[in-house]
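Asks: First, the structure itself, so that you have it in front of you.
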Amino acid sequence: MSKKVKSSYNSNKRRIFTASLIVFLSVYIFLPILNAHAIIADQVLAVVNKTPITLYDFAKFNKPAFENYEQMQKDASNGIFNSNDERIMTQTKKIINFLVDKMLIKQEEQKAALYIPPKKIDAYIQAVAKSNNMTVPEFKKMLKTKGISFHEYKKQLEKHFMQFSLLRKIYGSKMNITNAMLLNYYKKNIEEFRGREEEDLKLIFISVPTDASKILREKIYHKMLHIRNIAIKGAISFSSLASKYSDDPSEKNGGRIGYVYKDKLSPAFSSAAFKLKVGQISKIIPSKFGYTLLKSVGKKYGSYKSFRQVKSRIFMLLEKIKTDKYLSKLVKKARKNSFIKLLLVS
């Protein structure tokens, strides 16, 4: 390996690569970094305008995928091949191409000699916190609960601003986000900005012993089916049936559990409960603990947030959409005008 390539490789070893920021606080994923003591051969997997992408870069970006690739290579050297090889190679090629695209973007940023003032990042964090009704310290705590370090979050913000500045320099006014665009999005997607819905519920729960046989389970299920049929016909009220048959503590209140938010219920329960109209009874919901019936007895719909309250959030969203769109165009153009060679061993 030449001194120039080795120097570039050593520089790459010092860089920590993380996934692109989803600016409006959706899901954050930070992929695991290899143990510093791991021994990795400096195999070059691709070259982008004389800059190598190495096996080490691959390992830093996605450790599980790297380990799969390494194991496949070891197996192949021993004459062992299996049905997962094609899937592993497809995944590996996708990752290498992704790293190539990231390298192209970084090279374009270096050409443009961009700089993002720390004050801009701090102001952005304040806006994000405010749009989520938090102070900055509260926002930091929220990040921590999601397993995200504040330092890493700021690094991702810097990367985002760097990319957006690059795109603005190249595509100019096409990157503009006007107040009219923000307002138009707000009007078209008003339901996104509604407060959380609450459901007032009653339930009947019949437990099933953990060691119950299939026959006993079916017997209990048919008992619940009979109860449901009575409740639907209205011959006996749901509350009376709950008081008589339910094994849940709510039976003392006629099965009433009160108002609940969707995210406070299990997926199976929330899916069933929030589809119900007021007065409607759910289908039987099975679980390893037993069988449940739900009845909706009321709904509360959250109020809509004002445009002013969510303006910053909409801006972040549209900025993300534009960034993704024009980064894709930039990468496509850069690929045509760059020297790219994949050296992946298959």
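Just so you know, we're using the UniProt record's numbering here: the sequence shown kicks off at 1 and counts up by one.
Just so it is clear, CB atoms sit at the ideal spot from N, CA and C, and this is done for glycine as well.
Since the structure is predicted, the reported quantities are computational estimates derived from the model, not experimental observations.
#1: Alpha carbon to alpha carbon, how far is K202 from K262? Give it in angstroms, no decimals.
#2: DSSP state of S207, grouped into three classes?
#3: Taking the beta carbon of L293 as the centre, do at least 16 other beta carbons fall within 10 Å, making it buried, or is it exposed?
#4: State the start and end residues of the unbroken beta strand (DSSP E) segment that holds S296.
#5: With a 10 Å radius around its C-beta and 16 neighbouring C-beta atoms as the bar for buried, classify K341 as buried or exposed.
#6: In this structure, how does DSSP classify Y326 when only helix, strand and coil are distinguished?
#7: D247: buried (16+ other C-beta within 10 angstroms of its C-beta) or exposed?
#8: In whole angstroms, give me the CA-to-CA distance for R194 and A46.
#9: Would you mind working out which of A112, P209, I96 sits nearest A65, comparing C-alpha positions?
#10: Determine whether the beta carbon atoms of I206 and M224 lie at a separation below 8 Å.
#11: Report the three-state DSSP secondary structure of P117 (helix, strand or coil).
#12: List the residues that DSSP assigns as beta-bridge partners of V136.
#13: Going along the chain, which residues of its own chain have a beta-carbon closer than 8 Å to the beta-carbon of A272, five neighbours each way excluded?
#14: Quick check on S303: does DSSP put it in helix, strand or coil?
#15: Assign L344 to one of three DSSP states: helix, strand, or coil.
#16: Can you say whether T178 is buried or exposed, counting buried as having 16 or more other CB atoms within 10 angstroms of its CB?
#17: Runs of 3 residues minimum, wholly inside the segment 155-200: which ones carry the beta strand (DSSP E) assignment?
#18: Over the uninterrupted alpha helix (DSSP H) stretch that includes A65, give me the two end residues.
#19: For F164, count neighbouring C-beta atoms within 10 Å of its own C-beta (all shown protein chains included) and say buried if the count is 16 or more, exposed if not.
Replies: Considering the structure as presented:
#1: Counting from one through the sequence shown, the residue named residue 262 turns up at place 262. Counting from one through the sequence shown, the residue named residue 202 turns up at place 202. About 15 Å.
#2: Counting from 1 along the sequence shown, the entry for residue 207 is found at position 207. Residue state, collapsed to three classes: strand.
#3: By one-based count along the sequence shown, residue 293 stands at place 293. With 16 or more other Cβ atoms within 10 Å, it is buried.
#4: Your numbering for residue 296 matches position 296 in the sequence shown. Where S296 is concerned, the enclosing beta strand (DSSP E) starts and stops at 290-300.
#5: Position 341 of the sequence shown, counting from 1, holds the residue named residue 341. The residue is exposed, with fewer than 16 neighbouring Cβ atoms inside 10 Å.
#6: Here residue 326 refers to the residue found at position 326 when the sequence shown is read from its first residue. The answer is helix: DSSP assigns Y326 an H, G or I state.
#7: The residue labelled residue 247 in the question sits at position 247 within the sequence shown. Exposed, because fewer than 16 other Cβ atoms sit within 10 Å of the Cβ of D247.
#8: Looking up residue 194 in the sequence shown gives position 194. Looking up residue 46 in the sequence shown gives position 46. For R194 and A46, the distance between alpha carbons rounds to 48 Å.
#9: Here the question's residue 65 lines up with position 65 in the sequence shown. Of A112, P209, I96, the smallest CA-CA separation from A65 is found for I96.
#10: Here residue 206 corresponds to residue number 206 of the sequence shown, with the count starting at 1. Here residue 224 corresponds to residue number 224 of the sequence shown, with the count starting at 1. Against a cut-off of 8 Å, the Cβ pair of M224 and I206 comes out as a contact.
#11: By one-based count along the sequence shown, residue 117 stands at place 117. Correct three-state label for P117: coil.
#12: Here residue 136 refers to the residue found at position 136 when the sequence shown is read from its first residue. According to DSSP, V136 bridges with nothing at all.
#13: For the purposes of this step, residue 272 is taken as the residue at position 272 of the sequence shown. Once the five neighbours on either side are set aside, the close Cβ partners of A272 are S282, K283, I285, L294.
#14: Working through the sequence shown from its first residue, we reach residue 303 at position 303. The answer is coil: DSSP assigns S303 none of H, G, I, E or B.
#15: Position 344 of the sequence shown, counted from the first residue, corresponds to residue 344. Looking at L344 - three-state DSSP - the assignment turns out to be coil, as it is neither helix nor strand.
#16: Here residue 178 corresponds to residue number 178 of the sequence shown, with the count starting at 1. Exposed, since its Cβ has fewer than 16 Cβ neighbours within 10 Å.
#17: none
#18: Position 65 of the sequence shown, counted from the first residue, corresponds to residue 65. Looking at the DSSP string, the run of the alpha helix (DSSP H) that includes A65 is 63-77.
#19: Position 164 of the sequence shown, counted from the first residue, corresponds to residue 164. Classification for F164: buried.
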